[in-house]
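K.L.:
Sequential numbering from 12 applies to the sequence shown in the working numbering. This is the structure I want to talk about, given as structure tokens.
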Amino acid sequence: MHKKQIPKNQLPITRNKVELRTRCIVVQSSLENFLTCKHKTLVAIVMANLLFATVHVYLSLAGAALVFAHMGKLVKFLFAPFINQ
């Protein structure tokens, strides 16, 4: 019996989204552990966003700005439950 194949565009979470979340968490947490300043969480978030934006500059300046804005929302969504603990 063959399993029904689901097309890639219909998968709920694609491999790229999982990789993006993992890379974002790894980069931000590594930066946060490395930094020693008072606001190291905020600085780590901004630096991780800038890093991802500069990687996407080769596409276009508008693309880099969109990545910077989107990554900020993603990080806020991922870490919001843990901030007020």
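Yeah, the Cβ is synthetic: ideal placement off N, Cα and C, and Gly gets one too. Everything numeric in this text was worked out from a predicted model, so none of it was measured.
Taking the beta carbon of residue 78 as the centre, do at least 16 other beta carbons fall within 10 Å, making it buried, or is it exposed?
P.N.:
Start at 1 with the first residue of the sequence shown, and residue 78 comes out as number 67. The residue in question, residue 78, is buried, as its Cβ has 16 or more Cβ neighbours within 10 Å.
K.L.:
Between the C-alpha atoms of residue 47 and residue 76, what's the straight-line distance to the nearest angstrom?
P.N.:
Reading the sequence shown from its first residue, position 36 is the one you call residue 47. Reading the sequence shown from its first residue, position 65 is the one you call residue 76. Those two C-alpha atoms are separated by around 28 Å.
K.L.:
What are the boundary residues of the alpha helix (DSSP H) that includes residue 70?
P.N.:
Counted from its first residue, the sequence shown places residue 70 at position 59. Here residue 70 belongs to no alpha helix (DSSP H), and DSSP marks it neither H nor E.
K.L.:
Residues in the same chain with beta-carbon distance under 8 Å from residue 44, minus the five sequence neighbours each way, listed in chain order, please.
P.N.:
Here residue 44 refers to the residue found at position 33 when the sequence shown is read from its first residue. So no residue of the chain qualifies.
K.L.:
Pull up the distance between the alpha-carbon of residue 60 and that of residue 36, whole angstroms please.
P.N.:
Against the sequence shown, residue 60 aligns to sequence position 49. Against the sequence shown, residue 36 aligns to sequence position 25. The alpha-carbon atoms of residue 60 and residue 36 are separated by roughly 11 Å.
K.L.:
Just to confirm my understanding: we take residue 39, look at its own chain, exclude 5 residues before and 5 after, and list those with CB closer than 7 Å. What are they?
P.N.:
Start at 1 with the first residue of the sequence shown, and residue 39 comes out as number 28. The residues are 55, 56, 59, 86.
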